[in-house]
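Quick note, my numbering runs 20 ahead of the 1-based positions in the sequence shown.
For each residue, glycine too, the CB sits at the ideal point set by N, CA and C.
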Amino acid sequence: MQSGFYLSGVASQMTQHKLNDINHNLANVNTVGFMASRSSFSSTLAEQMTGQTDPASASYASYENSFVDMKEGAIKPTGNDLDFAIQGGGFFKVRLDDGQEAYTRAGNFMLGANGSLLTRGGHPVLNAGGSEIQLPQGKVSVSQDGTLSVNNIPVTAFGMVTIKDASQLTRLGNALMATPLDNTAPAESDAIVRQGAVAGSNVNSILEMTEMVSTTRNFEATMKVIEQYSQQASQLNDRVGMVQG
Numbered sequence: 021m022q023s024g025f026y027l028s029g030v031a032s033q034m035t036q037h038k039l040n041d042i043n044h045n046l047a048n049v050n051t052v053g054f055m056a057s058r059s060s061f062s063s064t065l066a067e068q069m070t071g072q073t074d075p076a077s078a079s080y081a082s083y084e085n086s087f088v089d090m091k092e093g094a095i096k097p098t099g100n101d102l103d104f105a106i107q108g109g110g111f112f113k114v115r116l117d118d119g120q121e122a123y124t125r126a127g128n129f130m131l132g133a134n135g136s137l138l139t140r141g142g143h144p145v146l147n148a149g150g151s152e153i154q155l156p157q158g159k160v161s162v163s164q165d166g167t168l169s170v171n172n173i174p175v176t177a178f179g180m181v182t183i184k185d186a187s188q189l190t191r192l193g194n195a196l197m198a199t200p201l202d203n204t205a206p207a208e209s210d211a212i213v214r215q216g217a218v219a220g221s222n223v224n225s226i227l228e229m230t231e232m233v234s235t236t237r238n239f240e241a242t243m244k245v246i247e248q249y250s251q252q253a254s255q256l257n258d259r260v261g262m263v264q265g
């Protein structure tokens with residue numbers, strides 16, 4: 021009986037985590053550079069949950085963590101010279117207020133004081149050498165390898181990386197990520213930069229809504245199971261009390 025309560029509770033927790041991810045994804049379906057959150061689950065032997073050894077013990081799934089879906093979102097043209105999209109995977113490097121590096125696919129940049137290139141959150145965009153990008157006045161253009169030019173004169177190049185292990189990414193915002201430096205590598209050669217476009221969210225609203233309906237039904241079914249266990253426990257206590265009396 022106790023293991024039934026435990027397993028039902030685990031299932032309820034798993035469902036709630038999944039619903040939280042779905043809600044977060046749907047809220048950012050139009051966020052530039054957003055990459056969806058997904059829930060991962062691990063298998064746990066029932067004897068580890070109950071403390072009882074049973075050679076025929078079954079395995080049950082339990083919530084492990086939430087990870088970032090690395091699938092690319094669609095490239096959306098904007099016509100803005102300060103909008104950039106990496107096609108083929110990869111992230112732009114930016115600098116946080118504490119000096120640490122962070123990573124984003126949201127290339128809808130803007131110019132700050134002295135021509136500094138900034139994210140919409142005000143974080144400096146970094147070049148391949150790790151320095152903050154500053155652009156002189158003039159017509160900005162970019163080549164496919166990420167080299168930035170002003171009035172057709174090369175100035176610097178975007179710092180771009182790929183992520184080795186998505187499970188080590190930490191969200192700092194809807195489109196801003198942090199990860200250890202040893203979890204990054206230079207962007208692959210097939211990663212190209214497009215100007216006048218941004219990487220859209222990789223969330224498919226129709227699939228997310230379908231998943232929400234399915235997950236909600238599973239949650240309701242789990243609640244019914246917990247209710248049944250509660251009723252059985254109450255009946256058992258009543259009967260045991262009658263026998264002892």
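### Message
Going by beta-carbon coordinates alone, are V198 and F87 separated by less than 8 Å?
### Response
For clarity, residue 198 is Ala in the given sequence; the question names Val instead. Not in contact: A198 and F87 (Cβ atoms no closer than 8 Å).
### Message
I'd like to confirm the pairing. Which residues does DSSP put opposite R58 in its beta bridges?
### Response
F87
### Query
By Cβ distance, which residues of its chain are closer than 7 Å to G108, with the 5 residues on each side in sequence left out?
E208, D210, A211, I212
### Query
Quick one, which of L146, R237, N45 has its alpha-carbon nearest D89's?
N45
### Query
How about V170 and V162: do their beta carbons lie closer than 8 Å?
no
### Query
Per DSSP, what kind of secondary structure is S187 in: helix, strand or coil?
helix
### Task
Apply the 10 Å Cβ neighbour rule to A219 and answer buried if 16 or more other Cβ atoms are within range, or exposed otherwise.
buried
### Task
Just grab the DSSP bridge partners of V175 for me.
None, per the DSSP bridge assignment.
### Message
Please return the same chain residues whose Cβ sits closer than 7 Å to the Cβ of N50, not counting the five positions on each side in sequence.
### Response
S221
### Task
Determine, using beta carbons only, whether K184 and T204 come nearer to each other than 8 Å.
yes
### Query
Exposed or buried, which one is I153 when buried takes at least 16 other CB atoms within 10 Å?
buried
### Cutoff 8 Å; reference N134; Cβ partners in own chain excluding five residues on either side
Q154
#### Entry: Beta-carbon proximity check, V52 vs A122, cutoff 8 Å
no
### Unbroken beta strand (DSSP E) run spanning F111, endpoints
111-115
### Message
If you reduce the DSSP assignment to three classes, tell me which class E67 lands in.
### Response
Here the model assigns E67 a pLDDT of 49, short of 50, so the residue's position is not dependable and the matter cannot be decided.
### Message
Which residues does DSSP list as the beta-bridge partners of A105?
### Response
R214
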